[in-house]
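J.: In the working numbering, the protein residues as written are 87 to 406.
Note that beta-carbon positions come from the ideal geometry of N, C-alpha and C, so glycine has one too.
(1) Determine the contact status of residue 287 and residue 339, defining contact as a CB-CB distance below 9 Å.
(2) Taking residue 257 as the reference, give the member of 203, 216, 319, 113 with the closest Cα.
(3) Rounded to whole angstroms, how far is the Cβ of residue 311 from the Cβ of residue 259, which I believe are closer than 8 Å?
(4) Does the contact criterion of 3 or more C-beta pairs under 8 Å hold for the region 371-378 versus the region 101-114?
(5) Report the three-state DSSP secondary structure of residue 296 (helix, strand or coil).
(6) When you compare only the Cα positions, how much space is there between residue 91 and residue 127?
(7) Strictly by DSSP, which residues pair up with residue 176?
(8) Taking residue 206 and residue 171 to be in contact with their CB atoms under 8 Å, please state how far apart those CB atoms are, rounded to whole angstroms.
(9) What residues are listed by DSSP as bridge partners for residue 206?
(10) Assuming residue 274 and residue 390 are in contact, meaning their beta carbons sit under 8 Å apart, how far apart are those beta carbons, in whole angstroms?
(11) Pick out whichever of 163, 145, 159, 108 has its Cα sitting closest to the Cα of residue 363.
(12) Going by the DSSP bridge assignment, what does residue 359 pair with across the sheet?
(13) Between which two residues does the beta strand (DSSP E) holding residue 257 run?
(14) Short check: CB of residue 162 to CB of residue 237, under 9 Å?
(15) Could you pull out every residue in the same chain whose Cβ sits closer than 7 Å to the Cβ of residue 246, ignoring the five residues on either side in sequence?
(16) Does the pairing of the region 165-182 with the region 142-150 give three or more beta-carbon distances under 8 Å?
(17) Mapping DSSP to helix, strand and coil, what is residue 162?
(18) What residue from 266, 334, 261 has the CA that sits closest to residue 313's CA?
(19) Quick one: what does DSSP say residue 122 is sitting in, helix, strand or coil?
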């Protein structure tokens with residue numbers, strides 16, 4: 087990475103091979119490394135009480151969230167403001183969609199207002215690519231359907247590298263509702279590309295037929311899939327994307343697939359726990375595991391969302 091950093095100072099801010107971040111799949115390996123390195127540098131810089139960035143001063147970032155969000159939307163907003171940008175949040179509840187305006191007309195009207203970037207979350211598969219082909223600014227995918235959530239995968243990768251030193255050779259178990267998880271989709275692509283060994287653990291009804299990457303092992307019980315795992319990433323059951331018959335009761339699910347201290351003990355020595363949130367405590371994860379200060383990386387994931395999303399915006403949005 088020497089050509090990107092000299093004595094820890096970032097020199098070239100136009101290194102990405104893409105103009106949008108609609109998924110992990112379009113990124114090159116170099117793109118991924120540049121984004122992670124820049125995020126790491128920003129995180130270090132922000133530790134200084136004197137840290138001030140006006141790189142995106144005068145720019146307007148438009149958050150367009152068709153689905154509810156706590157972590158992702160607020161993380162993007164804070165990240166933009168850390169870079170000196172202004173943030174406008176489109177509100178579905180008070181928008182003209184309630185009057186029958188189509189998604190395309192909404193996007194075209196927002197584009198006519200000339201934002202400098204659009205951060206989009208939408209329930210339709212491929213919506214960010216659809217929008218990217220119709221607007222005049224970078225589009226950043228904040229999650230579409232069950233397809234991809236690229237900034238979550240990037241912040242997860244950053245968190246794993248900080249905890250374990252490298253992704254190369256790391257054994258990562260992704261457990262739970264894999265079939266409906268855009269987080270799982272982006273993580274499978276990124277982690278396998280960067281040398282990690284990925285396995286998925288899910289009930290048969292929540293096991294996807296097709297996977298976005300090769301070389302991934304499948305297991306249907308935690309007891310079979312956890313041994314040897316360095317990272318255990320739990321996923322919530324996405325009831326909004328499934329038929330109620332696909333899962334048993336919450337209690338029955340926890341009994342079979344909930345991560346308890348006893349089940350975590352089956353994983354590799356020093357295995358650490360991750361979760362993209364929101365957590366359903368007592369369904370996919372026990373309180374003792376989620377709150378374990380020595381094993382849980384969950385709040386570190388949330389914190390790393392800020393520098394990762396800063397890096398994405400800094401590299402995609404052209405400065406003044």
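T.: In short, the structure shows the following:
(1) At least 9 Å separates the beta-carbon of residue 287 from that of residue 339.
(2) Among 203, 216, 319, 113, the Cα nearest to that of residue 257 belongs to 319.
(3) 6 Å between Cβ atoms; contact.
(4) Counting C-beta pairs closer than 8 Å gives fewer than three between the region 371-378 and the region 101-114, which falls short of the contact rule.
(5) Assigned with DSSP and collapsed to three states, residue 296 falls in coil, not helix or strand.
(6) At residue 91, the pLDDT of 38 sits below 50, so the modelled position is not reliable; the number obtained from the coordinates is stated separately. Approximately 10 Å, taken between the alpha carbons.
(7) Residue 176 is bridged by DSSP to 150.
(8) Rounded to the nearest angstrom, the Cβ distance from residue 206 to residue 171 is 16 Å, too far for a contact under 8 Å.
(9) Looking at the DSSP assignment, residue 206 forms a beta bridge with 150, 227.
(10) Residue 274 to residue 390, Cβ: 19 Å. No contact.
(11) Of 163, 145, 159, 108, the smallest CA-CA separation from residue 363 is found for 159.
(12) Bridge partners of residue 359: 318, 382.
(13) Per DSSP, the continuous beta strand (DSSP E) segment holding residue 257 begins and ends at 257-261.
(14) Between residue 162 and residue 237, the CB-CB gap stays under 9 Å.
(15) The beta carbon of residue 246 is closer than 7 Å to those of 253, 256, 317 in its chain, skipping five residues each way along the sequence.
(16) Cβ pair count under 8 Å is three or more, so yes.
(17) Note: residue 162 maps to helix in three-state DSSP.
(18) Nearest neighbour of residue 313 by Cα position, chosen from 266, 334, 261, turns out to be 261.
(19) In the displayed model, residue 122 falls within a helix according to three-state DSSP.
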